[in-house]
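First residue of the sequence shown: 1, per UniProt numbering; consecutive thereafter.
Ideal Cβ positions, reconstructed from N, Cα and C, are used throughout, including at glycine.
In this text, all values refer to a predicted model and were calculated from it rather than measured experimentally.
These notes are about the structure you will find just below.
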Amino acid sequence: RRRVSFQLIPKRWSWDCKHCRFLVQVTLNQHIPADYLLRVCEQLGPLIDQHIPPSVPGVCTLLGTGRQSLLRTANGCNYTVWNSSAVAALHRGRPPEPPLNAARPPNIVAVTRARQTTGTSRFGHALPSSTYQQMKMHRRILGHLSSVYCVAFDRTGRRIFTGSDDCLVKIWATDDGRLLSTLRGHAAEISDMTVNYENTLIASASCDKIIRIWCLRTCAPITVLQGHAASITSIQFSPSVLGSSRILASTGADGMVCFWQWNALTMKFNDHPVKFTERSRPGVQISCCSFSCGGMFLATGSTDHVIRVYYLGSDAPMKLSELDDHVDKVVAVQFCNNSDGFLSGSRDGTVRIWHYHQQEWKNICLDMSVRLSPAVSGDDKSVKLVVTMVAWDRSDRTVITAVSNYLLKVWNSYTGQLLHILSGHDDEVFVLEAHPFDWRIMLSAGHDGNIYIWDLSKGYKIRNFFNMIEGQGHGAVFDCKFSADGQHFACTDSHGHLLIFGFGCSRPYEKIPDQMFFHTDFRPLIRDSNNYVLDEQTQQAPHLMPPPFLVDVDGNPHSPHFQRLVPGRENCKEEQLIPQLGYMANGDGEVVEQVIGQQTADEEQEDSPLDNLIRQLQHQQDERISSGNQAGDIGGAIGSPPNVGLRRSGQVEGVRQMHNNAPRSQMATERDLLAWSRRVVVNEVQLGTFRFPVAGGDIDEWLPPSWIMETVPHRSPFVPQMGDEVLIYFRQGHQAYVRAVRRAKAYSINPQKQPWNKLELRDQESVKVIGIKYEVGPPTLCCLKLAFLDPLSGKMTNDSFSLKYHDMPDVIDFLVLQQFYSEAKERNWQPGIRFRSIIDDAWWFGSVESQQPLETEYPDSLFQCYVVRWDNGEREKMSPWDIEPIPEEAEIPLEVGDCVPVTEEELQSLLYTPQEGEWGLHTQEEECERVIGAIDQLLLMDMAKAFSFPVDLKVYPLYCTVVAYPTDLSTIRRRLTNHFYRRISALMWEVRYIEHNARTFNEPQSPIVAAAKTVTDVLLRFIGYTLHKNDVDVDSDTPGTSTGHCVSNASNSDIIGHCRELLRRLIDSPDSEPFRQPVDLFAYPDYRDIIDTPMDLGSVVETLAAGNYDNPMEFAKDIRLIFTNSKAYTPNKKSRIYSMTLSLSAFFETHIISIISDYKSAVQSQRRSRQRLSCSKRLQVSPATRYKT
């Protein structure tokens, strides 16, 4: 009213020229809130953006122009093309800015002419970002036998360095991809490399705790630095070039930061570094470091979430600050290119931009959960995001972060505003590389095998490369670097390849082979006390040896014209390029002998003294190894020191063979391999012998319990068998078991890892056994993988869980067969009814008093729901399946409270009754007799003698400490006689365990393992002969797959056959070695604390053979679980295990796609067939019926 009285509101007029009062308008529009206009403006922008995208996504403005205007239309946003005169014009002495709606950069011809006219041009005009679309892969070279985590260019960009898990550093020519040199000496994986700023030295760090410095001109070792007590995580030369004093910094897993001082004139290194021990608590590691652009500051990140900054401007390095703003591990730090700011990325999901201001470090926090358009999508808080890598662009205008959801985010480095979100990667990204001079360009690469070139100014992808390796899937890309001139970039992958990209023609790279190794790459080395090395065969330093021969991955020499690519052989005569091939004394294969450069082609010229020395040393070495192997056969397994040579008697000295027979320390870290395999490396085991020597000691507690080894079936305790179709799982009983285990301290069990804490479990669940594994005790545990069944359809769902248990006194079974459960439920016990129950093979009698739930939380549960009174007066809670009605003819005890023995007929009547089809086309009796006859014939054969009877634990007392579930042919025969197996799949599962146990206790390539495989295959083929005849019709009422579809037996068997073949190829792969058997929980007891559901290839083999995969998606789910567990337990991305995981995962994903596609096509085809059949049946209705209708 006051606004009206003071005439602050203008008069309003209606359409008929009548005056409208303001208060009347307010009354008529009471539904309009105070912020109505603001909300209308907020909605306008997103609505228009959906139809006509703006030039800069995410920027909300009401006053924009061009493609940012709210008044833009589709016709008004057409791109314009520059003309030559516009490019040549100058605006305030500078070339003009391109219009917002410019279609593309001006033509390069127009730009060149304009520069000739005006004397200047814009960088973006002369080199538009679209130019990088012309970059291509020149060559992919296999040069290492293991993953390559490190790649670097020298300061000129003419040479490429690669450091691999095969312990080698190799030098390559950038211009044509030639292999120039191999730097040998490390005894473990290469973890980092760096080239000094004078371009005279290269330093490489390794997991062997050693730093080696080489001269780039001669490849000679300058020094060996030993100061760390654990693996070295990073090294960097300081950019500071004041005077002749230089600094090399290194960080390690021991929590130390070392500053190594050296003189640039004399190339002398101080062997005693300045050390800072930053281990605030046990286990802290310094994970990364970065020098400032001037070399005065070094920032380090550690696993204790602290960032430490060191100052190098004084006489000795000193610690300047400790910054603890992060709350989780710091995984990356990087100084900017032009000032004192640096980035830090942490697993807490934040990146901080640090600047030194007013005597303290201040930061801008970047939250990785922030989205580009908050008004539309909001913040992503549902999943905890982890930072994997950080980087600056070349001009320090923007910051790029890689996040665990596979997205790259571009931020304004001054304000912390999110500018772009770059999507395209399908796996984690650990490589972000800025262009050396073009601030717009950023390179990213990840474990998905994709390499992207991005335009940061516009936030879009310029070029994409996919590292697909024929027959092996994609190769995960581990490192990328630009050359100094920006004309090339190099990448390395998980399969040992070097990928060279660049502009221009690829013709120079066509002159080199795809595989390049020197025949001396993996020759054994001998080491002195200071860790300097000599070639064992020639007793020379590796850099002083004659030019080697170029060979492929199997050690086969390349043709002579390729040999000229080796430095030092360019001008050799043809006959000098052909290596001499000798044969080892045992005649097992060829050996490429080193040919010393000859000065003349005279064939009759006498051998040089060095040639004779080489042959003499070779002969002596063969004799020494041969005698050593004989002694090893007698004395058993003898561990080899790290510097033992790679030659082995009876093996070819090819590159691949040498690597496969290398000491463990040269192939993987000891911890990585022990975490995945319980095997030890010993000499070949003779038939009938086992791995472990006879040892004394009490091993009774290791013996498998009787409830597992029983050959006569019993109702209780419950012994699971593969293929148990329907089980009833009782949560209350499982919880009681866990409490009993913790109370008795039977073994370590984590209540938080139990299924009810991870899944929404009801009081009882219908489940199916899809995996069985036994763990060595004490106590011996049965590990089950249970799949949920739909309560209505009875089909398996996609959910499952795992548990482990063992038989304990006074602990009731919490898994009950559906057959027993249904029978007990139908009896409907009432108070006062008499019953009997079996306890210790005797009948005990009592009466039902009442029915009440065990726990009020589960009122409908039948688990121990009856209160019973025994005839001796004791009261107890019982489950309905544990009590039986008393037949009229039953024997009654003479005295009240006594028991009567159970007869054999009564025991048999209480056992499981096989259902139709569970024993194929035959009955249980017929099939058991048939298989017994086959076993009797096998027992007469020599190859089955080792498996005819149980292993004699007096001779092999440690057998039960390795094998959790012993079995043999005689045990299987007794169980068949007693009808122990409930179905034929359970029998097949135990037959396979013969080979499983032999492979577990013996060397995989030993004769006894081969014999076990033969026996198993023969018996399985005999058992499964009749099963293949049992075809299922497409239109039958047989329950379908877990996806609700039904596939014919013929089609499904083909698809499962493809899965079986893929699984075989996975197991045959060398990368699958850690995943073939379960993780040894004795070596790594914390494994189950991290991994909820263990899985291994052996379990998948058993599940697949038992027919528990209804479709390939379930098969793929278990295989992927193996890789997921591996990545979760081995977070070190540079570990050998992680590399093997990525390689095997890529191979699997490449082949499983077609299998799943074929399965889905078969399902759709059969659905259409059913529809056509149903339609034809309707059309075949008789005319009379149609007339009546």
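The beta carbon of G313 is closer than 8 Å to those of M296 in its chain, skipping five residues each way along the sequence.
Assignment of H543 by DSSP, reduced to helix, strand and coil, places it in the helix class. By the Cβ rule, the stretch 1082-1096 does not count as touching the stretch 700-710, because fewer than three pairs are nearer than 8 Å. Taken in chain order, no unbroken stretch of alpha helix (DSSP H) lies wholly in the stretch 297-343 with a span of 4 residues or more. Beta-carbon to beta-carbon, E189 and C167 are separated by about 7 Å, close enough to satisfy the 8 Å threshold. Separation of I210 and S204 (C-alpha to C-alpha, rounded to the nearest whole angstrom) is 8 Å. In this structure Q563 touches L577 by the C-beta definition: roughly 4 Å separates them, less than 8 Å. Closest in alpha carbon position to Y197, among L225, R184, A173, Q236, is Q236. Between S1157 and V1163, the alpha-carbon positions lie close to 10 Å from each other. The distance from the Cβ of V962 to that of F1022 is about 29 Å, inconsistent with a contact at the 8 Å cut-off.
A residue is called buried when at least 16 other Cβ atoms come within 10 angstroms of its Cβ; C365 does not meet this threshold and is exposed. CA-to-CA, the gap between T223 and W262 works out to about 11 Å. The C-alpha of I160 is placed about 6 Å away from the C-alpha of T174. Beta-bridge partners assigned by DSSP to V429: G446. In its chain, beyond the 5 residues on either side, S147, G475, A476, S1139, L1142, S1143 have a beta carbon closer than 6 Å to the beta carbon of S494.
With a 10 Å radius around the Cβ and a threshold of 16 neighbouring Cβ atoms, P880 comes out buried.
Taking C-beta separations shorter than 7 Å and ignoring five residues to either side along the sequence, the partners of I421 in its chain run L372, L407, K409, following chain order.
V351: not part of any alpha helix (DSSP H); member of the beta strand (DSSP E) spanning 350-357, first to last residue. Pairing G227 with H272, the inter-Cα distance amounts to about 8 Å.
A straight-line Cα-Cα distance of about 57 Å links H305 and N29. Buried is the label assigned to Y1109, since at least 16 other Cβ atoms lie within 10 Å of its Cβ. Taking a contact to require three or more Cβ pairs closer than 8 Å, the stretch 828-838 and the stretch 865-880 qualify as touching. Under the 10 Å beta carbon count, I1153 is surrounded by fewer than 16 other beta carbons and is classified as exposed. Spanning the alpha carbons of K384 and L63 requires a straight line of approximately 37 Å. Check the Cα spacing between A88 and each of F466, P105, R113: the tightest is with R113.
Under the DSSP definition of a beta bridge, M988 lacks any partner. Just so you know, the alpha carbons of M193 and G163 end up roughly 7 Å apart. DSSP places D367 in the uninterrupted beta strand (DSSP E) bounded by 360-367. DSSP, reduced to helix, strand and coil, places F549 outside both helices and strands of the structure shown, so it counts as coil. The alpha carbon of F335 has as its nearest neighbour, out of N750, K329, V327, Y356, the alpha carbon of Y356.
Of all alpha-carbon atoms in S970, L323, H138, W829, the one lying nearest the alpha-carbon of F503 is that of H138. Of the candidates H519, R1064, W844, L142, the residue whose Cα lies closest to the Cα of A1105 is R1064. Our two residues, D254 and R279, have alpha carbons roughly 8 Å apart in a direct line. Contact annotation: F1123 and C1059 have beta-carbon atoms that are not nearer than 7 Å. Residue nearest to W439 within the set L216, C960, M1113, R394 is R394 (criterion: CA-CA distance).
The three-state reading of DSSP puts Q515 in strand, counting E and B together.
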